[in-house]
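Visitor: From first to last, the protein sequence lines stand for chains A and B.
Going by UniProt numbering, the first residue of the first sequence is number 1, and it counts up by one from there.
Going by UniProt numbering, the first residue of the second sequence is number 1, and it counts up by one from there.
For each residue, glycine too, the CB sits at the ideal point set by N, CA and C.
Protein chains: 2
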Amino acid sequence: MTRDVLNYLNDHNEDLMKKWNDFLSIPSVSTDSTHKQNILEAAEFLKSYLSELGFENVTQMETPGHPLIYAEYTQAGTEAPTVLFYGHYDVQPVDPIDQWKSDPFKPEIRDGRLYARGSSDDKGQVFMHLAVFEAFIKTEGKLPINVKVCIEGEEEIGSENLYDILHTKKDLFAADFAVISDSGMVAKNQPTILYGLKGFTGIEITVKGPDHDLHSGMYGGAIKNPIMALTQILASMKNKDEVITVEGFYDDVEPLSDEERKLIKNVQGEDYQTTTGVTETASETGYTAKEHTMARPTFEINGMYGGYQGEGTKTIIPSSATAKITCRLVPGQDPEKIQNLLEKHVYHHAPTGVKVNVKKEKLSAKAYKVEPDHPLIQKAAASYTKAFGKETVYVRMGGSIPVVEWMEAIYDIPIVLLGFGTPEDRIHSPNESFPLDSFKKGMETLVYYWDSLRKK
Amino acid sequence: MTRDVLNYLNDHNEDLMKKWNDFLSIPSVSTDSTHKQNILEAAEFLKSYLSELGFENVTQMETPGHPLIYAEYTQAGTEAPTVLFYGHYDVQPVDPIDQWKSDPFKPEIRDGRLYARGSSDDKGQVFMHLAVFEAFIKTEGKLPINVKVCIEGEEEIGSENLYDILHTKKDLFAADFAVISDSGMVAKNQPTILYGLKGFTGIEITVKGPDHDLHSGMYGGAIKNPIMALTQILASMKNKDEVITVEGFYDDVEPLSDEERKLIKNVQGEDYQTTTGVTETASETGYTAKEHTMARPTFEINGMYGGYQGEGTKTIIPSSATAKITCRLVPGQDPEKIQNLLEKHVYHHAPTGVKVNVKKEKLSAKAYKVEPDHPLIQKAAASYTKAFGKETVYVRMGGSIPVVEWMEAIYDIPIVLLGFGTPEDRIHSPNESFPLDSFKKGMETLVYYWDSLRKK
Chain A
1 MTRDVLNYLN DHNEDLMKKW NDFLSIPSVS TDSTHKQNIL EAAEFLKSYL
51 SELGFENVTQ METPGHPLIY AEYTQAGTEA PTVLFYGHYD VQPVDPIDQW
101 KSDPFKPEIR DGRLYARGSS DDKGQVFMHL AVFEAFIKTE GKLPINVKVC
151 IEGEEEIGSE NLYDILHTKK DLFAADFAVI SDSGMVAKNQ PTILYGLKGF
201 TGIEITVKGP DHDLHSGMYG GAIKNPIMAL TQILASMKNK DEVITVEGFY
251 DDVEPLSDEE RKLIKNVQGE DYQTTTGVTE TASETGYTAK EHTMARPTFE
301 INGMYGGYQG EGTKTIIPSS ATAKITCRLV PGQDPEKIQN LLEKHVYHHA
351 PTGVKVNVKK EKLSAKAYKV EPDHPLIQKA AASYTKAFGK ETVYVRMGGS
401 IPVVEWMEAI YDIPIVLLGF GTPEDRIHSP NESFPLDSFK KGMETLVYYW
451 DSLRKK
Chain B
1 MTRDVLNYLN DHNEDLMKKW NDFLSIPSVS TDSTHKQNIL EAAEFLKSYL
51 SELGFENVTQ METPGHPLIY AEYTQAGTEA PTVLFYGHYD VQPVDPIDQW
101 KSDPFKPEIR DGRLYARGSS DDKGQVFMHL AVFEAFIKTE GKLPINVKVC
151 IEGEEEIGSE NLYDILHTKK DLFAADFAVI SDSGMVAKNQ PTILYGLKGF
201 TGIEITVKGP DHDLHSGMYG GAIKNPIMAL TQILASMKNK DEVITVEGFY
251 DDVEPLSDEE RKLIKNVQGE DYQTTTGVTE TASETGYTAK EHTMARPTFE
301 INGMYGGYQG EGTKTIIPSS ATAKITCRLV PGQDPEKIQN LLEKHVYHHA
351 PTGVKVNVKK EKLSAKAYKV EPDHPLIQKA AASYTKAFGK ETVYVRMGGS
401 IPVVEWMEAI YDIPIVLLGF GTPEDRIHSP NESFPLDSFK KGMETLVYYW
451 DSLRKK
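(1) Who are the neighbours of residue 224 of chain B on chain A, taking C-beta pairs under 7 Å?
(2) Return the CA-CA distance between residue 356 of chain A and residue 96 of chain A, expressed in angstroms with no decimal places.
(3) Can you have a look at residue 15 of chain B and say buried or exposed, based on whether 16 or more other CB atoms are within 10 angstroms of its CB?
(4) Just verifying my parser: in three-state terms, what is the DSSP assignment at residue 199 of chain B?
(5) Who does residue 369 of chain A pair with in a DSSP beta bridge?
(6) What residues in the stretch 21–42 of chain A bring their beta carbon closer than 9 Å to a beta carbon of chain B?
(7) Put residue 189 of chain B into one of helix, strand or coil per three-state DSSP.
(8) Return the CA-CA distance between residue 321 of chain B and residue 307 of chain B, expressed in angstroms with no decimal places.
(9) Show which residues of chain A have a CB atom less than 9 Å away from the CB atom of residue 409 of chain B.
(10) Over the uninterrupted alpha helix (DSSP H) stretch that includes residue 386 of chain A, give me the two end residues.
(11) Look at residue 1 of chain B and residue 183 of chain B and say whether their C-beta atoms are less than 8 Å apart.
(12) Residue 121 of chain B and residue 87 of chain B look like a contact to me (Cβ under 8 Å); what is the Cβ gap, rounded to whole Å?
(13) Do residue 393 of chain A and residue 186 of chain A come within 8 Å of each other at the CB atom, strictly closer than that value?
(14) Tell me which residue opens and which closes the alpha helix (DSSP H) that residue 261 of chain A is part of.
(15) Taking Cβ to Cβ, would you say residue 45 of chain A is nearer than 8 Å to residue 22 of chain A?
(16) In chain A, which residues lie less than 8 Å from residue 311 of chain B when you measure between Cβ atoms?
(17) Answer with buried or exposed for residue 174 of chain A, where buried requires no fewer than 16 other C-beta atoms within 10 angstroms of its C-beta.
(18) Apply the 10 Å Cβ neighbour rule to residue 98 of chain A and answer buried if 16 or more other Cβ atoms are within range, or exposed otherwise.
(19) Output, in chain order, the set of chain A residues within a Cβ distance shorter than 7 Å of residue 286 of chain B.
(20) Can you give the beta carbon distance from residue 234 of chain B to residue 231 of chain A, rounded, assuming they're within the 8 Å contact cut?
(21) For residue 227 of chain B, which residues in chain A fall below 7 Å Cβ to Cβ?
(22) May I ask which residues mark the beginning and end of the beta strand (DSSP E) holding residue 109 of chain A?
(23) Tell me which same chain residues have a C-beta within less than 6 Å of the C-beta of residue 445 of chain A, skipping the five on either side of it?
(24) Please determine, among A:420, A:448, A:409, the residue with the shortest C-alpha to C-alpha distance to residue 189 of chain A.
(25) Residue 295 of chain B to residue 128 of chain B, Cα distance in whole Å?
(26) So for residue 402 of chain A, helix, strand or coil by DSSP?
(27) In its own chain, which residues sit with a C-beta less than 8 Å from the C-beta of residue 371 of chain A, not counting the 5 before and 5 after it?
(28) Please report the residue range of the alpha helix (DSSP H) in which residue 3 of chain A lies.
(29) Would you kindly work out how many angstroms separate the C-alpha atoms of residue 65 of chain A and residue 154 of chain A, rounded to a whole number?
(30) Please indicate yes or no: does the CB of residue 76 of chain A lie closer than 7 Å to some heavy atom of the ligand GTP?
(31) Where does residue 215 of chain B sit, in a helix, a strand or coil, going by DSSP?
(32) Compute the beta-carbon to beta-carbon distance between residue 144 of chain B and residue 76 of chain B, rounded to the nearest angstrom, for a pair I have assumed lies under 8 Å.
(33) What number of angstroms, rounded off, separates the C-alpha of residue 288 of chain A from the C-alpha of residue 268 of chain A?
(34) How should residue 107 of chain B be labelled, buried or exposed, when 16 other C-beta atoms within 10 angstroms of its C-beta is the threshold for buried?
(35) Check the Cβ-Cβ distances between residue 206 of chain A and every residue of chain B, and say whether any is below 8 Å.
(36) For residue 251 of chain A and residue 164 of chain A, I'd like the C-alpha separation in whole angstroms.
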């Protein structure tokens with residue numbers, strides 16, 4: 001009876017919250033090598049929890065980077081379906097740290113939200129699954145479905161080694177379908193099925209000028225300024241109408257159908273002023289903000305630096321300047337091809353007097369789309385609605401989850417994206433948080449979903 | 001006899017070097033408030049040295065910023081001329097510190113050069129004057145000229161309080177002429193008289209977007225990227241031909257005469273590949289590198305930053321971006337007017353969806369030109385030639401020394417720029433150094449110059 005399972009979650013709320021806090025307190029930042037030990041602590045946490053729950057073959061799979069945690073549960077019986085559950089235990093860096101109202105790794109509850117790095121992306125959502133597994137096992141003695149657990153530690157740095165593992169251990173990870181909870185809802189308490197995700201690629205541009213910073217009075221007028229050179233290159237890549245001006249960038253983009261534009265129109269839009277403080281949106285000419293974020297490719301400068309950043313002025317011509325760029329891609333676009341187009345554009349627009357170098361980021365993924373009317377999707381939507389008391393909407397989103405593309409490519413199984421994040425979670429930013437009621441209703445959704453899939 | 005004075009400098013070389021090292025070992029960085037104590041130590045060093053030499057009214061003049069050291073010497077008698085000697089004891093920041101081959105504040109001699117921050121700009125040249133004063137006093141019992149010393153601690157942050165002091169204490173600082181050693185020669189051992197300096201002004205542009213860093217997948221396509229907005233603004237201010245495209249920027253520029261172009265052509269050019277590592281110069285269309293650096297205005301981005309600068313990638317739309325800009329001005333251009341033109345251009349080109357703010361730097365100065373055939377200049381040229389054994393060349397330079405403009409404005413006296421730096425000194429950069437033979441010949445030049453001005 002799902003009733004008992006739900007009661008268990010309520011009755012043991014305090015213990016579960018404490019355990020969740022322990023998980024979030026581990027600063028498992030994957031992009032910063034100084035956190036290697038914390039990554040291993042987070043992996044350890046998962047292994048012991050899964051072992052306690054009676055999962056078998058709990059394994060820490062080593063990689064050239066950070067380990068992946070595998071475990072399996074087969075006691076639901078051969079007639080029950082097997083789900084491949086994916087999540088990640090690594091988190092984004094916390095800088096700028098001074099903008100956090102509380103320690104990112106000392107979870108703190110304020111106004112019904114739990115504040116901590118990873119509370120939403122993705123340690124929070126991973127923990128919800130584990131807690132629901134616990135609830136089923138403690139009340140019913142077993143899970144209604146068989147499970148293969150795949151929780152990696154490199155999602156925030158591009159899941160660099162995940163593909164190889166999924167590919168080489170294809171039989172081990174084989175399942176009837178996959179469930180991923182690493183996404184969000186269009187609005188808090190608005191059940192959302194993601195049927196499309198964007199692809200992803202990136203480059204880093206470095207412009208080198210003089211071999212040391214130069215006095216701007218002695219050399220201004222003779223030596224090309226690397227920062228100015230870089231701004232001239234970047235400004236040539238996107239115009240003020242938010243149209244990407246890199247030749248060929250849009251060539252393979254699947255046009256947006258009228259049906260889909262209607263679908264997008266029906267999705268309750270986000271109140272950007274509340275969530276970002278920005279009063280005026282900026283989108284590609286001819287497309288709404290919703291259309292652009294959900295279904296059109298983007299080009300963003302994620303970071304740029306060069307020269308003097310300190311107090312006061314320093315009258316120099318800096319020796320170099322760097323920009324980090326990532327693009328979100330839509331169905332039809334090939335990440336590698338886009339990377340090559342970006343590189344070609346940069347070199348073509350590089351001014352004389354400086355050395356320009358383009359570094360292609362390994363991180364790359366194609367866009368993804370799934371059929372909204374698949375039974376597994378429909379059951380997920382029903383579970384959402386039952387838990388949140390609201391009709392489920394179907395949307396595409398701008399985020400990228402490489403594992404989605406890879407799972408489909410390798411296993412060709414249905415992938416269900418069960419996301420519980422909210423637009424106010426500030427993932428990847430200071431003061432990331434997750435609503436406690438989403439935590440509760442999310443687990444409820446999972447209980448209904450697993451129940452709906454048990455052999456009746 | 002100058003012979004005795006020169007001998008003194010040779011015989012006491014070791015003591016003088018030690019004393020110079022003590023001066024350079026004080027990290028008197030004026031732009032960084034954490035070095036306040038070191039600034040005071042440097043001021044203390046000067047006061048005690050001047051007192052030892054028998055200067056009177058040795059005074060530490062307090063300012064809202066860093067103190068100015070005043071002292072006077074009147075024992076040369078009423079018939080001897082009085083020189084106002086200006087220099088500065090503050091230095092530029094040392095970052096990037098990891099590029100220094102030796103501690104910037106532990107002077108080290110390598111290949112005939114003394115490496116230390118300030119060794120050339122300007123603690124080295126200030127010390128040469130004090131050492132020469134010492135040599136005259138210890139050998140002849142007095143100086144051949146009367147002196148008023150004005151050594152400030154805010155030159156590298158725009159001499160913010162110097163004008164007020166010179167203006168309010170006009171009578172105290174009154175002199176027949178001024179000597180400033182805070183510049184360089186066009187080439188090592190090439191005596192150089194600076195008869196023109198550039199003016200100076202600056203702004204800082206800050207572009208604010210969302211109130212926190214945003215996930216580039218969730219918000220890319222809806223929210224304007226502040227870094228992209230800033231690059232678009234900056235790229236609109238100077239074109240690839242190094243022509244500044246800010247409306248009205250060149251309106252008041254005095255055209256370069258054919259005579260002056262000849263004069264510039266005769267100046268031995270700097271080997272930029274040796275001094276900067278750059279193989280190809282970049283100058284305003286229609287002007288040579290020498291013409292642009294010496295006699296045409298410049299626009300430089302000194303620093304820029306926004307978003308993620310750490311290891312790996314961080315897929316965000318950053319909340320803000322900043323650029324620090326300074327311009328070097330030529331005769332005819334008014335710093336305030338230029339600042340206003342820059343501000344107007346930035347606001348005019350600011351895209352929608354972001355908040356753009358322009359901060360006008362206080363630091364500002366008009367360009368300066370002096371008559372090359374003035375007797376005081378001619379005697380300086382002769383002293384140079386005698387010491388360095390080479391004809392003196394007359395040049396304009398791209399550097400800016402606000403005090404030059406102010407002294408002329410307030411006192412209307414001839415100003416002699418006796419510079420001893422070399423293009424290889426790397427002032428304002430890591431591994432600043434000063435040649436030991438320039439140190440010696442420079443002091444020799446000063447001995448000849450003061451001697452040439454004594455009442456015969």
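Guide: A quick look at the data gives this:
(1) Here the neighbours are 282.
(2) In a straight line, the C-alpha of residue 356 of chain A is about 29 Å away from that of residue 96 of chain A.
(3) Sixteen is the threshold: since fewer than 16 other Cβ atoms of the shown chains lie within 10 Å of the Cβ of residue 15 of chain B, the residue is exposed.
(4) The answer is strand: DSSP assigns residue 199 of chain B an E or B state.
(5) In DSSP, residue 369 of chain A forms a bridge with A:196.
(6) So the close ones are 30, 31, 32, 33.
(7) Residue 189 of chain B falls in the coil class under three-state DSSP.
(8) Their Cα atoms are separated by approximately 7 Å.
(9) Under the 9 Å cutoff, chain A gives no residues; its nearest Cβ is about 20 Å from residue 409 of chain B.
(10) Counting along the chain, the alpha helix (DSSP H) containing residue 386 of chain A begins and ends at 375–388.
(11) Contact flag unset, no.
(12) About 10 Å separates the beta carbon of residue 121 of chain B from that of residue 87 of chain B, a gap too long to meet the 8 Å contact definition.
(13) The answer is yes: Cβ separation under 8 Å.
(14) Secondary structure note for residue 261 of chain A: its alpha helix (DSSP H) is the uninterrupted segment 258–266.
(15) Going by C-beta atoms, residue 45 of chain A is nearer than 8 Å to residue 22 of chain A.
(16) Going along chain A in sequence order, the residues near residue 311 of chain B (Cβ under 8 Å) are 31, 32, 33.
(17) The residue is exposed, with fewer than 16 neighbouring Cβ atoms inside 10 Å.
(18) By the 10 Å Cβ count, residue 98 of chain A comes out exposed.
(19) Against chain A, a Cβ distance below 7 Å from residue 286 of chain B picks out nothing, because the smallest value is about 12 Å.
(20) At roughly 4 Å, the Cβ-Cβ gap stays under 8 Å, so residue 234 of chain B and residue 231 of chain A are in contact.
(21) Per Cβ cutoff of 7 Å: 301, 304.
(22) Where residue 109 of chain A is concerned, the enclosing beta strand (DSSP E) stretches over 108–110.
(23) Around residue 445 of chain A: 383, 384, 387.
(24) Residue A:420 is the option with its Cα nearest to residue 189 of chain A.
(25) Near 29 Å, if we compare the C-alpha coordinates of residue 128 of chain B and residue 295 of chain B.
(26) DSSP places residue 402 of chain A in helix when its eight states are reduced to three.
(27) A distance below 8 Å between beta-carbons, with the five flanking residues on each side excluded, links residue 371 of chain A to the following residues of its chain, in chain order: 195, 377.
(28) Segment 2–11, the alpha helix (DSSP H) holding residue 3 of chain A.
(29) Near 8 Å, if we compare the C-alpha coordinates of residue 154 of chain A and residue 65 of chain A.
(30) In the structure shown, the ligand GTP is absent, as is every other ligand, since no ligand is present at all.
(31) Note: residue 215 of chain B maps to strand in three-state DSSP.
(32) Between residue 144 of chain B and residue 76 of chain B the beta-carbon gap is near 6 Å, inside 8 Å, which marks them as a contact.
(33) Their backbone Cα atoms lie some 13 Å apart in a straight line.
(34) That one is buried.
(35) With 8 Å as the cut-off, residue 206 of chain A does not count as an interface residue toward chain B.
(36) About 30 Å.
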